[in-house]
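*Asks:* Next up is a structure, given as structure tokens.
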Amino acid sequence: MLRLRQWVTVISQADDLHPLIEGAVSPAIRLQIPAGTVSREFLAAYDSTRHFALSPIAPCPQCGARVPTVCINNLADYGDWLRGAQDLAESPFYRTSPAHHDDCPLPGQPLTT
């Protein structure tokens, strides 16, 4: 359950840029949540187990385009992402996002484990 203070506005909209992930039960949506003077954006979808997964939208390290980056499965993952942890699982959209610039080498690179 996501609980925010009463005055926090969460903007949600369909995300036409990213296809339905394999096993998802609904199309992904884009959430925008204000955080102080900035807003954070997430791609959200329910997977086949009806688990709500969030992927922060952030700049690609190769091309700078704003793409879904990692999987946030719980508040600990979100805290890890905020402090720059490198051990979070990639979002299923990370390498396939059509938001990458045409000359970005990331979509063609193999997944590292």
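With the first letter of the sequence shown counted as 1, position 55 gets the number 1070 in this note's numbering; the numbers rise by one all the way through.
Even for Gly, the Cβ is constructed at its ideal location relative to N, Cα and C.
1) Kindly provide the ranges of any beta strand (DSSP E) runs that are 3 or more residues long and lie completely inside the segment 1080–1123, ordered along the chain.
2) Could you give the DSSP three-state label for A1060: helix, strand or coil?
3) Could you give the DSSP three-state label for R1065: helix, strand or coil?
4) Between the Cα of L1058 and those of L1121, C1078, I1026, spot the shortest distance and give me the residue it belongs to.
5) With respect to the beta strand (DSSP E) encompassing A1043, which residues constitute its N-terminal and C-terminal limits?
6) According to DSSP, which residues form a beta bridge with Q1028?
7) Taking all protein chains shown into account, do 16 or more other C-beta atoms lie within 10 angstroms of the C-beta of S1112, making it buried, or fewer, making it exposed?
*Replies:* Let me spell this out:
1) 1081–1083
2) Along the sequence shown, one-based indexing puts residue 1060 at 45. Three-state DSSP puts A1060 in a strand.
3) Start at 1 with the first residue of the sequence shown, and residue 1065 comes out as number 50. Three-state result, R1065: coil.
4) As a position in the sequence shown, residue 1058 is number 43, starting the count at 1. Measuring from the Cα of L1058, the nearest candidate turns out to be I1026.
5) To locate residue 1043, count along the sequence shown from 1; it is residue 28. First-last for A1043: undefined, no H or E at that position.
6) Along the sequence shown, one-based indexing puts residue 1028 at 13. Per DSSP, R1045.
7) Residue mapping note: residue 1112 aligns to position 97 of the sequence shown, counting from 1. Label assigned to S1112: buried.
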